[in-house]
Structure formats: structure tokens, C-alpha cells
Amino acid sequence: MHFTFYALDGTWGPNPIKVGIFLEQLGLEYEVKFKSMNDDPKKGVKGEDYLKVCPNGRTPALVDHKNNDFVVWESGAILKYLANKYDDSKQYAGKTVEEQATIDEWLFFQCTGHSPVQGNLFFSLKYWPSKYNEEAPKNVVKRFRDETNRVLSVYEQQFKRQAEKHGEDKMWLVYDHPTTADFSCMPWMVVLSKFGGEMGLNLDEYPHVQKYIEKALALPSAKKILAKLPF
1 MHFTFYALDG TWGPNPIKVG IFLEQLGLEY EVKFKSMNDD PKKGVKGEDY LKVCPNGRTP
61 ALVDHKNNDF VVWESGAILK YLANKYDDSK QYAGKTVEEQ ATIDEWLFFQ CTGHSPVQGN
121 LFFSLKYWPS KYNEEAPKNV VKRFRDETNR VLSVYEQQFK RQAEKHGEDK MWLVYDHPTT
181 ADFSCMPWMV VLSKFGGEMG LNLDEYPHVQ KYIEKALALP SAKKILAKLP F
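Numbered according to full-length UniProt numbering, the sequence shown spans residues 1 to 231.
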């Protein structure tokens with residue numbers, strides 16, 4: 001097997017889903033190993049075994065068995081590694097330094113500006129009560145909801161520009177074709193399509209985001225991975 005790919009047991013999690021979809025997009029062979037959100041020495045993300053793979057104790061992580069068992073963790077780093085090493089066309093990571101920088105702007109925006117606030121909004125509504133034995137403070141929920149809406153507004157304007165430039169059939173985040181930035185963005189958008197209402201978000205306010213979600217869900221690589229998930 002070419003790769004061992006670590007994901008969260010059950011739902012995988014949006015960040016591991018990124019990597020799964022991109023592995024499928026590149027046609028690369030992989031085995032998924034699932035880890036639980038605990039400190040079990042063998043099975044947990046905070047267990048002794050997995051911390052040797054990923055010192056942050058989070059999924060995803062990837063082991064490239066055809067490159068001396070090279071290990072890479074953090075979803076954005078994994079996407080860049082796979083694109084740079086296994087996509088000869090360089091369409092996903094960029095052919096020039098300028099293209100790479102433009103793609104990375106949106107890749108890093110997704111990893112650092114989008115997923116943390118959306119993830120914290122979801123956590124504050126779904127998991128805060130069981131973890132802290134109380135409802136999340138209203139100002140905490142408002143903070144993360146407001147920031148998630150701000151991020152969605154940034155995406156909405158970018159997709160609108162892309163649709164005007166390339167047409168809706170080629171409306172991707174950076175160019176007229178998907179890049180690593182899109183594969184980073186897709187799973188978090190799909191989560192919004194499933195749970196946005198529960199999170200107090202109205203996607204009708206973001207029509208281009210909705211069209212983008214439809215495009216992402218139509219990709220064969222995305223269909224293959226999402227068919228394995230429980231939602």
C-alpha cells in the first residue's frame with residue numbers, strides 16, 4: 001500500500017476528509033487507520049503510538065511508504081505535499097511561484113481563518129454542554145457565529161468574482177479548476193450544508209457558496225469519500 005492515512009473514528013472529521021478526497025482525486029492507493037479522541041496508548045489520538053506520528057495528537061496524518069515512510073501531518077501540509085510530489089501537471093498546487101502563492105493565500109485562509117471559527121461554533125453548540133455541564137455562554141456562540149458569517153461573506157464575494165470571470169461551471173476558489181485550496185475548503189462547506197441550520201447559519205444568504213457546495217458534492221472523488229461517512 002502506498003499510504004497509511006489516519007482519520008478520526010466514525011465521522012472522519014472535516015480535515016481528514018480533505019485528504020481522503022484529494023487522494024482519490026490523484027488516484028493514489030491508501031489504507032485508512034482510525035483513531036479515537038482519547039489517550040488510549042494504542043487507539044487514541046493522544047496515545048503513545050499516535051503521538052510518534054503526529055505530536056499534536058490530531059488527525060489527519062499521512063505516512064508515505066514509497067518515500068521511506070515519510071510522515072506529514074496537518075491537513076494543509078498534507079495537501080501541499082501530495083500535490084507537489086504526485087501531481088506532475090502542477091494544476092493543484094500551481095506551476096509558478098506566483099500561482100503557488102495565490103493558491104496558498106486561500107489554502108491558508110481556509111486552514112487558519114475558516115475552519116477554527118466554524119469548528120468552534122459547532123463545538124460550542126453540540127459538545128460544550130456535555131464537556132462543561134452547562135450551555136455555552138451566549139457571547140461565545142455569537143462570537144463564533146458572527147465570525148463564521150464573516151468568513152462566508154468573504155467566500156461569497158470570491159465565488160461571485162470567479163463566476164463572473166470563468167462562468168458558474170468553472171467557479172472554483174482560485175482558478176477555473178479545483179486546487180488544493182478547494183480540497184481544503186470542500187469538507188467544511190459540506191458540513192455547513194448538513195448542519196448549518198443547527199448552527200444558526202442561513203446559507204440562503206450565500207447563493208454562490210451554495211452553488212459551490214453543489215459542485216463539490218458532484219466531484220467523483222468527493223462522492224466516493226462522502227459515501228463512506230455516516231451523515
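All C-beta atoms, glycine included, are put in the ideal place defined by N, C-alpha and C.
Exposed unless 16 or more other CB atoms sit within 10 angstroms - verdict on residue i
{"i": "R58", "result": "buried"}
{"i": "Y212", "result": "buried"}
{"i": "residue 246", "result": "Residue 246 lies beyond the residue range present for the chain, which begins at 1 and ends at 231; the question has no answer from this structure."}
{"i": "R161", "result": "exposed"}
Residue j beta carbon less than 8 Å from that of residue i
{"i": "A216", "j": "V191", "result": "no"}
{"i": "V19", "j": "I78", "result": "yes"}
{"i": "Y81", "j": "L26", "result": "no"}
{"i": "P60", "j": "N133", "result": "no"}
{"i": "F159", "j": "H208", "result": "yes"}
{"i": "W106", "j": "A181", "result": "yes"}
{"i": "F183", "j": "F22", "result": "yes"}
{"i": "K224", "j": "E24", "result": "yes"}
Residue i versus residue j: straight-line alpha-carbon distance, rounded
{"i": "G119", "j": "T112", "result": "11 Å"}
{"i": "P220", "j": "K170", "result": "16 Å"}
{"i": "K46", "j": "V72", "result": "17 Å"}
{"i": "C185", "j": "V174", "result": "11 Å"}
{"i": "P230", "j": "G94", "result": "34 Å"}
{"i": "F108", "j": "L152", "result": "15 Å"}
{"i": "A101", "j": "D69", "result": "28 Å"}
{"i": "E147", "j": "K126", "result": "18 Å"}
{"i": "E156", "j": "P41", "result": "43 Å"}
{"i": "D176", "j": "Y206", "result": "20 Å"}
{"i": "L203", "j": "N67", "result": "42 Å"}
Pick from the options that is closest to residue i, judged by C-alpha positions
{"i": "K35", "options": "I21, V209, V53", "result": "V53"}
{"i": "P178", "options": "V154, L203, A83, S153", "result": "A83"}
{"i": "V32", "options": "K142, D64, N139, V97", "result": "D64"}
Self-check item: Runs of alpha helix (DSSP H) lying entirely within the UniProt domain "GST N-terminal" (3 to 90), each at least 4 residues, in chain order
Solution: 14 to 26, 48 to 51, 75 to 86
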